[in-house]
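Just below is one structure, and these are the notes that go with it.
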Amino acid sequence: EADIYQTPRYLVIGTGKKITLECSQTMGHDKMYWYQQDPGMELHLIHYSYGVNSTEKGDLSSESTVSRIRTEHFPLTLESARPSHTSQYLCASTPQGISYNEQFFGPGTRLTVL
Amino acid sequence: GNSVTQMEGPVTLSEEAFLTINCTYTATGYPSLFWYVQYPGEGLQLLLKATKADDKGSNKGFEATYRKETTSFHLEKGSVQVSDSAVYFCALSATGGFKTIFGAGTRLFVKA
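If you're matching them up, the sequences are chains A and B in order. If you're matching positions, the first sequence starts at 604 in my numbering and goes up one per residue. If you're matching positions, the second sequence starts at 310 in my numbering and goes up one per residue.
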């Protein structure tokens, strides 16, 4: 059973607010990812990390930022939320030492910006 | 570049019907192939995987065979249940690669 957590599960905020979406995993995985999932269900990689102090932008341009100060923690921050940021955000991690990159997902945060 | 194409949904079936969701891929080398499932209100979870050609992944009555000659990894189940209603994603990862490439997802509705 994978142990990866996201908080909050649901968030409704006004335009211009700063928000941080939390993601934590207790499995010691080095690789972590953030995906944005649109209403059509498609997943878009927005950030990833190889390990502590490593962050990279993904395939979809995003105004969010991430940090990786501890192995288990990979928060995503929006400095000034806008309605276009309304989406489902999924965090995932992958164990090291295997070649096939199986991903373990958190339950997601559904963000609504009014 | 690598890509995954899967059958568009939604797919609507009656309980106990046979399910096939088609998935084809484009990749160099020998990627690993996956099916993930997403139940309402949840994140994705791995359903099954195959890491080399001709491997068959199976779990919970679902099966998929890695066909390199047709670059396919179709998902099948002999008798679906209402509880199988979910979104199914086909995915690939290059050997030693860092990213996973996901298909667009196929929504399945199973009626009682």
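Positions of the beta carbon are idealized from the N, C-alpha and C atoms, including for glycine.
What's the C-alpha gap between K358 of chain B and L342 of chain B? If you take the alpha carbons of K358 of chain B and L342 of chain B, they lie about 6 angstroms apart.
With DSSP collapsed to three states, give me the class of S392 of chain B. Helix at S392 of chain B.
Please report the straight-line C-alpha distance between W344 of chain B and Q699 of chain A, rounded to a whole angstrom. Rounded to whole angstroms, W344 of chain B to Q699 of chain A spans 20 angstroms at the Cα level.
Determine the DSSP secondary structure at S696 of chain A, reduced to helix, strand or coil. S696 of chain A: strand per DSSP, three-state reduction.
Candidates A:D641, A:H632 and A:I622: which alpha carbon is nearest L693 of chain A's? Across the set A:D641, A:H632 and A:I622, the C-alpha of A:D641 shows the shortest separation from the C-alpha of L693 of chain A.
Use the C-beta contact count for D393 of chain B: other C-beta atoms within 10 angstroms, 16 or more gives buried, fewer gives exposed. Buried, because 16 or more other Cβ atoms sit within 10 Å of the Cβ of D393 of chain B.
Using 8 angstroms as the Cβ pair cut-off and three pairs as the minimum, do the segment 385-392 of chain B and the segment 359-375 of chain B touch? Three or more Cβ pairs drawn from the segment 385-392 of chain B and the segment 359-375 of chain B lie within less than 8 angstroms of each other, which places the two stretches in contact.
What span of residues does the beta strand (DSSP E) with E372 of chain B cover, start to end? In this chain, the beta strand (DSSP E) harbouring E372 of chain B covers F371 to T374.
Evaluate the contact criterion for the segment 673-687 of chain A versus the segment 608-625 of chain A: three or more CB pairs, one atom per stretch, below 8 angstroms. Yes, since at least three Cβ pairs between the segment 673-687 of chain A and the segment 608-625 of chain A fall closer than 8 angstroms, the two stretches touch.
Chain A beta carbons: is any one of them nearer than 9 angstroms to that of K365 of chain B? Not one chain A Cβ lies under 9 angstroms of K365 of chain B.
Which residue's Cα is closest to the Cα of V346 of chain B: A:P710, A:R671, A:D606 and A:V716? The alpha carbon of V346 of chain B has as its nearest neighbour, out of A:P710, A:R671, A:D606 and A:V716, the alpha carbon of A:P710.
Proximal chain B residues relative to Y703 of chain A, where beta-carbon distance stays under 7 angstroms: What Y703 of chain A touches in chain B: S341, K358, T360 and S402.
What in chain A is Cβ-close to A413 of chain B, meaning under 8 angstroms? The contacting residues are G643, M644 and E645.
When you compare the CB of F407 of chain B with every CB in chain A, is at least one pair closer than 9 angstroms? Yes - at least one Cβ of chain A is within 9 angstroms of the one on F407 of chain B.
Sorted by chain position, which residues of the same chain lie with C-beta nearer than 6 angstroms to S323 of chain B's C-beta, five sequence neighbours on each side aside? Counting only Cβ-Cβ distances below 6 angstroms, and skipping sequence neighbours, we find K420.
Please report how far the alpha carbon of K377 of chain B lies from the alpha carbon of Y651 of chain A, in whole angstroms. Whole-angstrom Cα-Cα distance: 29 angstroms.
Classify S664 of chain A as helix, strand or coil using the three-state DSSP reduction. Coil.
Does any residue of chain B have a CB that is nearer than 9 angstroms to the CB of L714 of chain A? Contact of L714 of chain A with chain B is not assigned, every C-beta pair being separated by 9 angstroms or more.
In three-state terms, what does DSSP make of Y383 of chain B? Checking the displayed sequence, the identity of residue 383 of chain B turns out to be His instead of Tyr. In this structure, H383 of chain B counts as coil in the three-state DSSP scheme.
Give every residue of the same chain whose Cβ lies closer than 6 angstroms to the Cβ of T668 of chain A, excluding the five residues on either side of it in the sequence, and list them in chain order. Once the five neighbours on either side are set aside, the close Cβ partners of T668 of chain A are T680.
Distance, Cα to Cα, V396 of chain B vs Y348 of chain B? Cα-Cα distance, rounded: 7 angstroms.
With a 10 Å radius around its C-beta and 16 neighbouring C-beta atoms as the bar for buried, classify I649 of chain A as buried or exposed. By the neighbour-count rule (16 or more Cβ atoms within 10 Å), I649 of chain A is buried.
Give the residues of chain B in contact with K634 of chain A, contact being defined as C-beta atoms less than 8 angstroms apart. Here the neighbours are F407.
Under 8 angstroms from the C-beta of G310 of chain B: neighbouring residues of chain A: Within 8 angstroms Cβ-Cβ: nothing; G310 of chain B doesn't reach chain A, min ~10 angstroms.
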